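Notes follow once the structure below has been shown.
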Amino acid sequence: MPRIWKPSVTVAAIVEKDGKFLLIEEETSDGIRINQPAGHLDPHESLEQAVIRETLEETAYDFTPTALVGMYMSRYTSNRTGEEVTYLRFTFCGVPGAQHDRPLDEGILRTMWLTRDELAACADRHRSPTVLQCVDEYLAGRRAPLELIQTHTSVYKEAVSTANG
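If you want it as structure tokens, here you go:
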């Protein structure tokens, strides 16, 4: 049976405060890059839970998603390994909460607050072209209600082994 192609599902947070956006600077296989707080969807969590978790892990800020800005599919080829990966990214906007005194995820060098123009000025350092695209679409007012995203209760249940014993 042929292998079924599957994209890597990721989430990202657009967090704006006083005209500036919360971003992270991170170590990647392509060098130091700038990105929104973002990461992979883990088993047994909803997309909303994933973006809340990733934002906390990468920035030490609580995050409350309020809307979906967009869904983005892109292909990336690692300069280091030559491996191709297709990403399906769900980008949320929302409000920041408390900042916690906790270490940032491994590979995250620092958080920073940049204006849209400051972010555009360093486009050569973005993790992907979707970094600025998502901010621009957020600023243009693109929003979809969170009610569009449905997570069935089966997602939250531990995987049950079906092996014959």
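Numbering of the sequence shown is given in the working numbering, commencing with residue 184 and proceeding in unit increments. We put the CB at the ideal spot given by N, CA and C, even for glycine. Being a predicted model, the structure only gives us computed values, none of them experimental.
The beta strand (DSSP E) enclosing residue i, as first and last residue numbers
{"i": "Leu251", "result": "Tyr244 to Thr260"}
{"i": "Arg299", "result": "From DSSP, Arg299 is part of no beta strand (DSSP E) but of the alpha helix (DSSP H) over Arg299 to Ala304."}
Whole-number beta carbon distance between residue j and residue i, since they are thought to touch under 8 Å
{"i": "Leu329", "j": "Leu251", "result": "6 Å"}
{"i": "Asp288", "j": "Glu210", "result": "The pair is not a contact, with the Cβ atoms about 11 Å apart (cut-off 8 Å)."}
{"i": "Thr249", "j": "Val278", "result": "6 Å"}
{"i": "Ile332", "j": "Cys276", "result": "In fact, because the Cβ distance is near 14 Å, the residues do not count as touching under 8 Å."}
Residue environment, residue i, which counts as buried when at least 16 other CB atoms sit within 10 Å
{"i": "Ala281", "result": "exposed"}
{"i": "Thr260", "result": "exposed"}
{"i": "Thr238", "result": "buried"}
Per DSSP, the bridge partner or partners of residue i
{"i": "Gly214", "result": "Thr211"}
{"i": "Pro279", "result": "Phe246"}
{"i": "Ser191", "result": "Tyr270"}
{"i": "His223", "result": "Thr193"}
{"i": "Leu206", "result": "Met295"}
Extent of the continuous alpha helix (DSSP H) to which residue i belongs
{"i": "Val318", "result": "Thr313 to Leu322"}
Per-residue DSSP class, three states only, for residue i
{"i": "Arg293", "result": "strand"}
{"i": "Glu330", "result": "helix"}
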